[in-house]
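Chains as they are written, first to last, in our numbering: chain A, 9 to 206; chain B, 9 to 206.
The structure under discussion appears below in the form of structure tokens.
There are 2 protein chains.
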Amino acid sequence: MPWEKNFDLDEATDKAISVFWKKGYEATSMSDLIDGMGINKGSLYNAFGSKKALFDRALLRYDQKNRLRALAQLSQMPDGREAIVTLFDGLVAETQEDTENRGCMLVNTALELPLHGEDIREMVTSALGEFEEFFRQSIIKGQSLGTIPKALDPSLTAKSLLTSVIGMRVLARGTFDVDGIRAIRDAAVVMITNPEVS
Amino acid sequence: MPWEKNFDLDEATDKAISVFWKKGYEATSMSDLIDGMGINKGSLYNAFGSKKALFDRALLRYDQKNRLRALAQLSQMPDGREAIVTLFDGLVAETQEDTENRGCMLVNTALELPLHGEDIREMVTSALGEFEEFFRQSIIKGQSLGTIPKALDPSLTAKSLLTSVIGMRVLARGTFDVDGIRAIRDAAVVMITNPEVS
DNA sequence: GTTAGTTTATACCAATCGGTCAATACCCTC
DNA sequence: GAGGGTATTGACCGATTGGTATAAACTAAC
Numbered sequence: 009m010p011w012e013k014n015f016d017l018d019e020a021t022d023k024a025i026s027v028f029w030k031k032g033y034e035a036t037s038m039s040d041l042i043d044g045m046g047i048n049k050g051s052l053y054n055a056f057g058s059k060k061a062l063f064d065r066a067l068l069r070y071d072q073k074n075r076l077r078a079l080a081q082l083s084q085m086p087d088g089r090e091a092i093v094t095l096f097d098g099l100v101a102e103t104q105e106d107t108e109n110r111g112c113m114l115v116n117t118a119l120e121l122p123l124h125g126e127d128i129r130e131m132v133t134s135a136l137g138e139f140e141e142f143f144r145q146s147i148i149k150g151q152s153l154g155t156i157p158k159a160l161d162p163s164l165t166a167k168s169l170l171t172s173v174i175g176m177r178v179l180a181r182g183t184f185d186v187d188g189i190r191a192i193r194d195a196a197v198v199m200i201t202n203p204e205v206s
Numbered sequence: 009m010p011w012e013k014n015f016d017l018d019e020a021t022d023k024a025i026s027v028f029w030k031k032g033y034e035a036t037s038m039s040d041l042i043d044g045m046g047i048n049k050g051s052l053y054n055a056f057g058s059k060k061a062l063f064d065r066a067l068l069r070y071d072q073k074n075r076l077r078a079l080a081q082l083s084q085m086p087d088g089r090e091a092i093v094t095l096f097d098g099l100v101a102e103t104q105e106d107t108e109n110r111g112c113m114l115v116n117t118a119l120e121l122p123l124h125g126e127d128i129r130e131m132v133t134s135a136l137g138e139f140e141e142f143f144r145q146s147i148i149k150g151q152s153l154g155t156i157p158k159a160l161d162p163s164l165t166a167k168s169l170l171t172s173v174i175g176m177r178v179l180a181r182g183t184f185d186v187d188g189i190r191a192i193r194d195a196a197v198v199m200i201t202n203p204e205v206s
């Protein structure tokens with residue numbers, strides 16, 4: 009029997025993620041990927057098949073490592089309001105560390121959608137759909153605990169929060185500074201906060 | 009003396025807009041532009057200089073014809089709340105007609121920002137800045153008329169509305185259907201609406 | 001009708017695109 | 001250590017990239 013593949017597929021995929029993340033699909037060339045991944049052209053095609061296949065794999069892994077993991081943790085919080093605020097705080101922190109203005113690979117891809125195939129559209133749609141559902145569940149949980157105003161429509165507010173996250177991520181790509189991003193977070197927090205009884 | 013340039017620069021630019029709008033900067037090739045603009049390669053380079061220069065011109069013109077013109081009209085409305093609602097209604101209608109999922113060229117570019125030069129960043133930043141300022145002014149106007157709750161922080165809410173618009177535009181590129189887009193509009197309207205006194 | 005300038009069409013450029021392939025280097029099993 | 005099979009490697013592929021150059025066809029003012 010021969011010998012097993014000895015370069016780490018996941019590790020290589022991670023490096024591919026970081027390349028695609030920064031430049032998007034179209035603007036990334038195979039040379040960029042080879043340089044960034046530190047493997048050879050032949051190996052790349054042998055291991056992944058094509059640029060498109062590599063992108064698919066990269067996006068899937070990105071989504072699992074970032075969105076899925078984060079939402080899984082936050083969903084366990086008993087207070088939905090706290091979960092949402094924590095999420096936004098995390099996004100602000102992420103933006104602060106994102107000195108290269110990479111934003112979010114999922115959102116970047118969502119805007120590139122018309123260039124990709126149906127498979128990518130489905131991935132993005134379901135990922136953002138789950139994101140929205142997290143918000144909805146959290147709002148319901150918060151409302152039952154009394155930390156989120158009962159007057160809010162969970163579905164509507166969930167869509168609105170999802171939209172905020174996406175806009176935030178777009179603006180983080182070079183338009184807003186950290187203060188602007190933080191303001192968006194604040195606005196989102198206000199939206200799910202009980203009006204002060206005066 | 010010779011004869012003056014007889015093919016319409018603005019008209020050609022409009023066609024270039026529609027090509028860039030759909031595919032973005034990187035994914036658009038000169039062949040795409042030549043086909044879409046209906047002029048010859050030589051003429052194109054003679055008239056515009058380079059792909060980048062053409063894109064700059066196209067984006068500038070797009071911004072003037074769409075955002076600037078719309079905001080100018082809406083700013084004249086006496087009631088800020090009505091102006092904002094009208095804006096969102098317009099976006100919903102635009103999305104409905106946008107069967108090709110082109111979204112908004114300005115937002116598309118905002119997400120592509122790291123690929124462009126400083127000039128484009130400045131254009132996008134100032135355009136979105138003016139957008140935000142329109143919201144702020146409208147909110148203040150609405151508050152003084154009593155149509156928008158005085159409890160809202162104008163700057164914060166303006167940023168939030170801008171974020172909604174951007175997220176809306178991203179989701180319109182293929183993730184949300186028209187109902188989803190309309191929900192975002194509704195959420196934005198709720199945000200600037202006086203709570204019902206019960 | 002000459003003339004200056006514009007547009008068109010086409011051929012061309014080096015560079016790079018995504019992708020392939022045969023040779024080599026390699027490691028594991030026997 | 002020989003054999004079998006995989007990974008790596010760099011050369012190589014045709015096609016296309018953004019951009020230039022050319023000469024012919026055209027148009028309008030003189």
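The beta carbon of each residue, even a glycine, is placed where N, CA and C say it ideally should be.
Helix or strand or just coil, what does DSSP make of residue i?
| i | result |
| --- | --- |
| A/Met-9 | Reliability fails at A/Met-9, whose pLDDT of 43 lies under 50, so the model's placement of it is uncertain and the value that follows must be treated cautiously. DSSP places A/Met-9 in coil when its eight states are reduced to three. |
| A/Asn-54 | helix |
| A/Lys-23 | helix |
| A/Gln-84 | coil |
| B/Phe-184 | coil |
| A/Glu-126 | helix |
| A/Asp-16 | coil |
| B/Ala-91 | helix |
| A/Leu-114 | helix |
| B/Leu-160 | coil |
| A/Thr-201 | coil |
| A/Asp-106 | coil |
| A/Asp-74 | Here residue 74 of chain A is Asn; the residue named in the question, Asp, does not match the sequence. Three-state result, A/Asn-74: helix. |
Beta-carbon of residue i versus every beta-carbon of chain A: anything under 8 Å?
| i | result |
| --- | --- |
| B/Met-9 | Residue placement at B/Met-9 is flagged as unreliable, the pLDDT there being 44, under the threshold of 50; the coordinate-derived value follows with that caveat. Not one chain A Cβ lies under 8 Å of B/Met-9. |
| B/Met-38 | no |
| B/Val-93 | no |
| B/Glu-34 | yes |
| B/Leu-277 | For chain B, the structure presents residues 9 to 206; residue 277 of chain B sits outside this window and is missing. |
| B/Ser-58 | no |
| B/Ser-146 | no |
| B/Arg-4 | Lying outside 9 to 206, the shown extent of chain B, residue 4 of chain B is not represented and no answer is given. |
| B/Thr-21 | no |
| B/Ile-42 | no |
Are residue i and residue j closer than 8 Å when you measure CB to CB?
| i | j | result |
| --- | --- | --- |
| B/Gly-32 | B/Asn-116 | yes |
| B/Gly-182 | A/Leu-121 | yes |
| A/Gly-44 | A/Lys-59 | no |
| A/Ser-146 | A/Ile-92 | yes |
| B/Gly-98 | B/Arg-177 | no |
| A/Ala-80 | A/Ala-55 | no |
| B/Thr-155 | B/Asp-87 | yes |
Does residue i come within less than 8 Å of chain B when only Cβ atoms are used?
| i | result |
| --- | --- |
| A/Met-131 | no |
| A/Asn-116 | yes |
| A/Lys-167 | yes |
| A/Met-113 | no |
| A/Pro-86 | no |
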